[in-house]
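The structure under discussion appears below in the form of C-alpha cells.
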Amino acid sequence: MQLLGSYLKHHDTDTELVELIETLMVACKEIALQLREGALAGIHGTTDNTNVQGETQKKLDVISNDILKEVLLDNPLVHGVASEEEDDPVFGNPEGRFLVTFDPLDGSSNIDINVSVGTIFSILEVPEGAPRNSVDLFLQPGRKQVAAGYVLYGPSAVLALTTGRGVNMFTLAHTGDFLLTREQVQIPHTTKEFAINMSNHRHWEPAMRNYIGDLLAGSEGPRAKNYNMRWIASMVAEVHRVLTRGGIFTYPWDSRDPQKPGKLRLMYEGNPMSMLIEQAGGLSTTCYEHIMDIDPQEIHQRVAVALGSREEVEALMQYHRDTPSVIQQ
Ligand code: AHM
Ligand code: MG
12 MQLLGSYLKH HDTDTELVEL IETLMVACKE IALQLREGAL AGIHGTTDNT
62 NVQGETQKKL DVISNDILKE VLLDNPLVHG VASEEEDDPV FGNPEGRFLV
112 TFDPLDGSSN IDINVSVGTI FSILEVPEGA PRNSVDLFLQ PGRKQVAAGY
162 VLYGPSAVLA LTTGRGVNMF TLAHTGDFLL TREQVQIPHT TKEFAINMSN
212 HRHWEPAMRN YIGDLLAGSE GPRAKNYNMR WIASMVAEVH RVLTRGGIFT
262 YPWDSRDPQK PGKLRLMYEG NPMSMLIEQA GGLSTTCYEH IMDIDPQEIH
312 QRVAVALGSR EEVEALMQYH RDTPSVIQQ
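Per the numbering used here, residue 12 is the first one in the sequence shown, and the count goes up by one each step.
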C-alpha cells in the first residue's frame, strides 16, 4: 500500500504542497489520539468560552485548534491560518507561500456521545504582490484552492484529499502512516438518499419544503422513487457517506436568522467540501449558485449548502428556479 507522501510525489504534486499536507497530518494524528483517549484524558465537556460565532466551545474544539495552529505555524511554508475557533487570522512566516483555513473539529456536538467528528481544511496561496499579514489575503473564491480535504475520525481515521486531480482517500494505520485506500473516488450521479435536519422544516424556503415533500412522497410522488434519510449532525461524516455511496446533503438557508445565508461557514466548510465534491464528479451549490464561485467578503462568512450526486442537486436547483425565493438580498 502506498504512503500519502510518496503517492503525492509520484503523481507530480508540488513538493512544498506535499510537505504542507504532511504537516497537517501530523496535527490530525495528534487530534485522533486525543479523541481516542476520550473521557480517560478528561477532554470531554465544554469550556467557559464562546467562539466568534457565539457557540460554546467544547474542550476538544480548543485543543484541536491549538494543535493545528501550533504545528502549522511552525512550518515556514505557512504565512497564516484562519480557523472557526479564532476571531482573526493568525500569521506565521511573512515569506510563507500558503494560507490554511480549517474547522479543527467539525460536528463537535457529537464528541460527548462518541460519534464521528472531523477536521476540515482548505489550502490557498498568498497572491503574488499582495500585502502580507492581512485578512484580505484569505478572501479568495473556492476556485483558487490548491488543495482541500478532511480527516474523518470514525471507527477508522480517514483522510479525503484533493489537490485538483481527483479525490483520494488514505486510512491511518497503527504505524502512524496514512495509506492509500481509495483512488479517484467518483460519486454516483443519481441517488435515493438525502440528509437534512428535518426539525428545521418550518423555517425553510417554500422551494426546499416542496422538494423534501416530493422526496417523502416516494414512488407515488413526482420523483417516482422511495428515498432513505440520514442525519449525523457531522458534515464530515455526511460528506464521507456522499463520497462513498452518493446522496444529497443540504444545510439550507432558514428563517431562524434570516440575515445569515446559512449555518455552515464558507471558508473552512463550504469551499473545501465543494472542491472535494466537484473533484469527485458531484455538484456543490447554495441551491442557486456554485459555492466555489462566491466572492468571500469576510472570513467567518456563512453559506447555504446543497451538495452531492449531480442529478439530485440539479433537481433541487430546479425547484429553487421554479419557486419564488423569500430570501431578502
Ligand atoms: P460545528 O462546526 O460547530 O460543529 O457546526 C457544524 C455542524 C455540521 O457538521 C453539521 O452538518 C451541522 O453543524 C449540524 O447542525 P444541527 O445541529 O443544526 O443539525
Ligand atoms: Mg464545523
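No residue lacks a Cβ here, since even glycine has one placed at the ideal position from N, Cα and C.
Under the rule that 16 or more other beta-carbon atoms within 10 Å means buried, what is residue i, buried or exposed?
| i | result |
| --- | --- |
| Leu-51 | exposed |
| Leu-44 | exposed |
| Lys-236 | exposed |
| Pro-168 | The sequence given here has Ala at residue 168, not Pro. So Ala-168 counts as buried. |
| Thr-296 | buried |
| Trp-242 | exposed |
| Ser-127 | buried |
| Asp-304 | exposed |
| Lys-271 | exposed |
| Pro-115 | buried |
| Arg-213 | exposed |
| Val-162 | buried |
| Ser-75 | buried |
| Thr-26 | exposed |
| Val-137 | buried |
| Ser-120 | exposed |
| Ile-42 | buried |
| Gly-107 | buried |
| Ile-134 | buried |
| Val-250 | buried |
Please state whether the Cβ-Cβ distance between residue i and residue j is less than 8 Å.
| i | j | result |
| --- | --- | --- |
| Ala-315 | Pro-263 | yes |
| Leu-190 | Gln-68 | no |
| Val-157 | Ile-259 | no |
| His-22 | Arg-267 | no |
| Gln-308 | Leu-150 | yes |
| Val-63 | Asp-117 | no |
| Gly-129 | Ile-198 | no |
| Ala-38 | Ile-78 | yes |
| His-90 | Arg-143 | yes |
| Phe-132 | Ala-93 | no |
| Pro-269 | Gln-339 | yes |
| Ile-122 | His-55 | yes |
| Asn-179 | Gln-195 | yes |
| Cys-298 | Met-278 | no |
| Asp-306 | Pro-152 | yes |
| Leu-35 | Leu-84 | no |
| Gly-273 | Arg-220 | no |
| Gly-281 | Ile-302 | yes |
| Ala-317 | Thr-255 | no |
| Asn-239 | Glu-216 | no |
Taking 7 Å as the line, does the beta carbon of residue i fall inside it for any heavy atom of the ligand AHM?
| i | result |
| --- | --- |
| Asn-179 | no |
| Met-328 | no |
| Lys-274 | yes |
| Ala-244 | yes |
| Glu-66 | yes |
| Ser-145 | no |
| Ser-120 | yes |
| Tyr-262 | yes |
| Asn-208 | yes |
| Glu-249 | yes |
Contact defined as beta carbons within less than 8 Å: I believe residue i pairs with residue j. What is the distance between those atoms, to the nearest angstrom?
| i | j | result |
| --- | --- | --- |
| Met-209 | Met-246 | With 8 Å as the limit, Met-209 and Met-246 do not qualify as a contact, their Cβ atoms being about 16 Å apart. |
| Ala-31 | Phe-109 | One point to set straight first is that residue 31 is Leu, not Ala, in the sequence displayed. Yes, they are in contact, since the Cβ atoms of Leu-31 and Phe-109 sit about 6 Å apart, within 8 Å. |
| Val-111 | Glu-96 | That pair is no contact at about 14 Å. |
| Leu-15 | Phe-181 | 5 Å |
| His-200 | Arg-321 | 5 Å |
| Pro-100 | Val-146 | 5 Å |
| Leu-183 | Lys-40 | 7 Å |
| Leu-46 | Tyr-222 | That pair is no contact at about 35 Å. |
Hey, would you say the C-beta of residue i is under 7 Å away from at least one heavy atom of the ligand MG?
| i | result |
| --- | --- |
| Glu-5 | This structure leaves residue 5 out entirely; the chain is present only between 12 and 340. |
| Met-284 | no |
| Asp-117 | yes |
| Glu-95 | yes |
| Met-350 | Outside the displayed span of the chain (12 to 340) sits residue 350, for which this structure offers no information. |
| Asp-72 | no |
| Asp-114 | yes |
Would you say residue i lies against chain B (beta-carbon separation less than 8 Å)?
| i | result |
| --- | --- |
| Ser-133 | Among the chains in the structure shown there is no chain B, since it carries only a single protein chain. |
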